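Trainee: Input: one structure, supplied below.
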Amino acid sequence: MKKQLNLFYPQWQGGGPDRSTYFGALELKLNYLKNLELTTVEVSLKNIKTVKNDIFGYDEIIAQMKTARAIIDDNQPDRIFTIGGGCDAGILPLSYLNHKLNGDLTVLWFDAHGDINSPLTSKSKHFYGMPVRALLGESDRRILDLTYLNLLPQQLLMLGLRDLDEAEAKYIKKENISALGVAEIEKNLETVITSVKAKRNSSIYIHLDLDVLDPEEFPYT
748 MKKQLNLFYP QWQGGGPDRS TYFGALELKL NYLKNLELTT VEVSLKNIKT
798 VKNDIFGYDE IIAQMKTARA IIDDNQPDRI FTIGGGCDAG ILPLSYLNHK
848 LNGDLTVLWF DAHGDINSPL TSKSKHFYGM PVRALLGESD RRILDLTYLN
898 LLPQQLLMLG LRDLDEAEAK YIKKENISAL GVAEIEKNLE TVITSVKAKR
948 NSSIYIHLDL DVLDPEEFPY T
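Each step along the sequence shown adds one to the number in the numbering used here, with nothing skipped, and position 215 is 962.
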């Protein structure tokens, strides 16, 4: 059986001073993951108010990424199931698996938002809006030094987008990144299947941000 790492990584600083992603991760753990063996990335709970290198909570994020990197390096898993935290918790697991698979990986990024700002283009300076750009190799140098292998734009399929910043929309278009909005998916689900097959990769990584769910049905994501 392949070795799997179940990584509990409740990083919240990427969302600014709001800790809701931390408490959301705890709720998932306590209510739905009681019987799952988890390896935890310990995160700081101290209040943060500063932006450094165009990233809110920069020092805490770097420290926690170092911890996550050490855990992944020690385990050398074949698969990783990550429970965040913000979307930025997926950077190291995904870049590690991309390296392990030598880039033979299609990434299905289910998210209402693009998560594809750089530190410079982000207006909020919230790191949970930057993970895809970091995975593509554009971020703060200390963050990039902790990652394993950058994604290529053609590996990405962004699904469920409905709220993009102008800079994100321009970047997605410039890099010719595959993206399907909710209306396109609802109109023809086969479009998703066709798009995945067109990538011609043997493995799939699924990123799921719960805000991709219909906000009228699930208003608290």
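Glycine is no exception: its CB is placed at the ideal position from the N, C-alpha and C atoms.
Being a predicted model, the structure only gives us computed values, none of them experimental.
Taking a contact to mean a Cβ-Cβ separation below 8 Å, would you say residue 845 touches residue 895 in this structure?
Mentor: Contact: yes.
Trainee: Between residue 801 and residue 809, what straight-line distance do the alpha-carbon atoms span, to the nearest angstrom?
Mentor: When rounded, the distance between both Cα atoms is 13 Å.
Trainee: Would you say residue 955 and residue 857 are within 8 Å of each other, going by their C-beta atoms?
Mentor: Yes, they are a contact pair.
Trainee: Report, in whole angstroms, the separation of the C-beta atoms of residue 851 and residue 948, which I expect to be a contact under 8 Å.
Mentor: Right, the Cβ-Cβ distance comes to about 5 Å (below 8 Å), so this counts as a contact.
Trainee: Which residues in the same chain have their Cβ closer than 8 Å to the Cβ of residue 839, if we skip the five residues on either side of it in sequence?
Mentor: Cβ within range, chain order: 812, 815, 816, 819, 893, 894 and 895.
Trainee: If you draw a straight line from the alpha carbon of residue 884 to that of residue 835, how long is it in whole angstroms?
Mentor: Residue 884 and residue 835: Cα-Cα distance of roughly 14 Å.
Trainee: Quick check: what's the CA-CA separation for residue 923 versus residue 900?
Mentor: For residue 923 and residue 900, the distance between alpha carbons rounds to 7 Å.
Trainee: Based on DSSP bridge pairs, tell me the residues matched to residue 799.
Mentor: Looking at the DSSP assignment, residue 799 forms a beta bridge with 802.
Trainee: Candidates 775, 881, 914 and 754: which alpha carbon is nearest residue 870's?
Mentor: Out of 775, 881, 914 and 754, 914 has the C-alpha closest to the C-alpha of residue 870.
Trainee: Since residue 854 is in the beta strand (DSSP E), which residue starts that stretch and which ends it?
Mentor: 852 to 857 is the extent of the beta strand (DSSP E) around residue 854.
Trainee: Please classify residue 903 as buried or exposed, where buried requires at least 16 other C-beta atoms within 10 Å of its C-beta.
Mentor: Buried.
Trainee: Could you tell me the distance, in whole angstroms, from the CA atom of residue 876 to the CA atom of residue 765?
Mentor: Spanning the two alpha carbons is a distance of roughly 14 Å.
Trainee: Can you say whether residue 864 is buried or exposed, counting buried as having 16 or more other CB atoms within 10 angstroms of its CB?
Mentor: Buried, since its Cβ has 16 or more Cβ neighbours within 10 Å.
Trainee: Measuring straight from C-alpha to C-alpha, what distance separates residue 837 and residue 878?
Mentor: Cα-Cα distance, rounded: 8 Å.
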